[in-house]
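The C-terminal residue of the sequence shown carries number 445 in my numbering, and the numbering is unbroken. C-beta: ideal position from N, C-alpha, C; glycine also. Structure first, commentary second.
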Amino acid sequence: MDKHIVKKLMTHKSGQFILSNKYDQNKLSPYIIQASILNETIRDMPILPDIAASLNEELMIRSIFSTAAIEGNPLRHDEVSQIILKKEDALNDKEKEICNLKQVYDLIDDSIPHKRIISEDFIKIVHSTITAGINYKDNTPGKYRNHSVKVGDEEHGGTYTPPKILEDIRTLMDTFLKWFNIDLQDENCFIQSALTHLYLALIHPFGQGNGRSARAIESLILNAYGIRYVPKMLSNYYYRNIDEYYWAFSNTIKSLKSKECDVTDFLEFAMKGIVESFRELKDRNFWHIKRMALRDFCGHLLERKGINARQHMLISLILNGPFPFSLKDLFNKDLFRPLYVNVSERTARRDVEALSKMGLLVLQEDDKFIVNLNLLTS
68 MDKHIVKKLM
78 THKSGQFILS
88 NKYDQNKLSP
98 YIIQASILNE
108 TIRDMPILPD
118 IAASLNEELM
128 IRSIFSTAAI
138 EGNPLRHDEV
148 SQIILKKEDA
158 LNDKEKEICN
168 LKQVYDLIDD
178 SIPHKRIISE
188 DFIKIVHSTI
198 TAGINYKDNT
208 PGKYRNHSVK
218 VGDEEHGGTY
228 TPPKILEDIR
238 TLMDTFLKWF
248 NIDLQDENCF
258 IQSALTHLYL
268 ALIHPFGQGN
278 GRSARAIESL
288 ILNAYGIRYV
298 PKMLSNYYYR
308 NIDEYYWAFS
318 NTIKSLKSKE
328 CDVTDFLEFA
338 MKGIVESFRE
348 LKDRNFWHIK
358 RMALRDFCGH
368 LLERKGINAR
378 QHMLISLILN
388 GPFPFSLKDL
398 FNKDLFRPLY
408 VNVSERTARR
418 DVEALSKMGL
428 LVLQEDDKFI
438 VNLNLLTS
């Protein structure tokens, strides 16, 4: 069977609609390979439970802020964080959007692992949760629309008119779900998730909340394949690259209307985000691993009297950052003052010089010192 499956459907009111997973293998294969290798690397990396919990919370807040901001929510990142962490009742529609998105993320996290089939009911539940209790025009939570809408703008490739009537939306959603759940099950998981994002956005089945719903279902698919953390990182990538995001949609729409029926532009953009997110995760996790290894190494040096207790405490304090410091900071900053309150500047200088000679500290161009997390890997 041809791996590239193109289905052309004639709607009643919107003309031809094309479902396609046709893409340029030469362009996308390197991204798919990189993402697969990075996924295995991160999956095998040890991570302490408290670090994992903190990372998951941070990524969730960042993702909720980003997916809401893409749709015009004006709340700042710190305001979004406060709403989520305090769990207070929302006062207005913009705050309700944030609370609703938190419920959607909980719903995705609680979904059955390895269940890689998407149901129409679940998509409607996601949309209903996203838009519940909010006074959107021409929108009923969990219900398909029966009116025409336009999306996009001229600055990003022009406007797009999704299917216009309820009958066409029902037909396209039914066909799309069969296509995904049957024809695409042998497709790479990263491609599957991006295609779902793309086609839920193109069908645009609801009155409001389509973008947030599409990104949520994309996250669900990646979760179902056991992908850690990245599902919560993609919305932030889309937000940070918002212009490219819109252009990827516009260029793909134009390609689908041509003889090529090619979806490479959007898939390549999404794959770049997946790889970028994996790399960020790898770097962050290595940072924690290096910090823990260096902490253990310094404990070993203390036991062997390679460093004294004050020098060990200095490294331990910095490792909690880590952050740069100057010699003067040892006497002026509250963090270091208990260590050096009764110590001369000459002694403090000797501490820093000794730690520098051992490679534990590195002098930066701004004449500040930083702990050398690469000591044990170089």
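Asked                                                                                                                   : Found
Local Cβ density within 10 Å of Met68, reported as buried at 16 or more and exposed below that                          : In this prediction, Met68 scores a pLDDT of 38, lower than 50, which makes its location untrustworthy; no coordinate-derived value is stated.
3 or more residues per run - each beta strand (DSSP E) lying fully within the segment 201-264                           : 218-220 and 225-227
Closest Cα partner of Pro113 within the set Ala376, Lys161, Lys349 and Ile437                                           : Lys349
Per DSSP, the bridge partner or partners of Ser87                                                                       : Val73
Beta-carbon proximity of Pro391 to Ile356, cut-off 8 Å                                                                  : no
Reference Lys154; option with closest CA among Arg143, Gln170 and Pro141                                                : Gln170
Status (buried if at least 16 other CB within 10 Å, exposed otherwise) for Met240                                       : buried
Contact set for Pro440: own chain, Cβ-Cβ below 8 Å, skip 5 residues either direction                                    : The amino acid occupying residue 440 in the given sequence is Leu; Pro does not appear at that position. Only Trp354, Lys357, Arg358, Leu361 and Pro389 meet the Cβ criterion.
Rounded straight-line distance, which links the Cα of Glu221 to that of Tyr266                                          : 21 Å
Under the three-state DSSP convention, the category Met68 falls into                                                    : In this prediction, Met68 has a pLDDT of 38, which is less than 50 and means its spatial position is unreliable; nothing more can be read from the coordinates.
Neighbourhood of Ser302 by C-beta distance below 6 Å, restricted to the same chain and skipping five residues each side : Ser130, Ser133, Thr134 and Arg282
Assigned secondary structure, Leu397 (DSSP; H/G/I helix, E/B strand, else coil)                                         : helix
Cβ pair Phe449, Ala315 closer than 8 Å                                                                                  : Residue 449 falls outside the range modelled here, since the chain spans only 68 to 445, and no answer is possible.
Cβ-based neighbour list, Met77, same chain, cut-off 7 Å, excluding 5 preceding and 5 following                          : Gln83
For Phe392, three-class secondary structure by DSSP                                                                     : strand
Proximity to Thr331 [Cα-Cα], best of Thr319, Lys339 and Lys324                                                          : Thr319
Backbone CA spacing between His264 and Glu370 [nearest angstrom]                                                        : 55 Å
Asn88 beta carbon less than 8 Å from that of Glu285                                                                     : no
Terminal residues of the beta strand (DSSP E) in which Ile437 lies                                                      : Phe436 to Val438
Beta-carbon proximity check, Thr207 vs Asn167, cutoff 8 Å                                                               : no
Per-residue DSSP class, three states only, for Val429                                                                   : strand
Cβ separation of Arg279 and Glu107, assumed to be a contact under 8 Å, to the nearest whole Å                           : Rounded, the Cβ-Cβ distance is 30 Å, inconsistent with contact.
Cβ shell of Cys99 (< 8 Å), same chain only, five flanking positions each side left out                                  : It is worth fixing the name first, because residue 99 is Ile in this sequence and not Cys. Here the set comprises Asn255, Phe257, Ile258 and Met338.
Beta-carbon proximity list for Ile374, same chain, < 6 Å, skipping 5 on both sides                                      : Leu368
First and last residue of the uninterrupted alpha helix (DSSP H) at Lys163                                              : Asp160 to Asp176
Glu155, enclosing alpha helix (DSSP H) - first and last residue                                                         : Looking at the DSSP string, Glu155 is not in any alpha helix (DSSP H), and its letter there is neither H nor E.
The segment 185-196 in contact with the segment 217-231 per 3-pair CB rule at 8 Å                                       : no
Delimiting residues of the alpha helix (DSSP H) encompassing Phe345                                                     : Thr331 to Glu370
Same chain only: Cβ atoms within 8 Å of Trp246, ignoring 5 sequence neighbours per side                                 : Ile72, Lys74 and Leu86
Arg404 (DSSP reduced to helix, strand or coil)                                                                          : helix
Secondary structure of Glu125, DSSP reduced to three states                                                             : helix
Three-state secondary structure (DSSP) of Phe316                                                                        : helix
Pick from Leu381, Glu146, Pro405 and Glu124 that is closest to Met300, judged by C-alpha positions                      : Glu124
Cβ-Cβ distance between Glu393 and Lys435 below 8 Å                                                                      : For the record, residue 393 in the displayed sequence is Ser; it is not Glu. Yes, they are a contact pair.
Classification of Leu323 by the beta-carbon crowding that lies within 10 angstroms, buried from 16 upward               : buried
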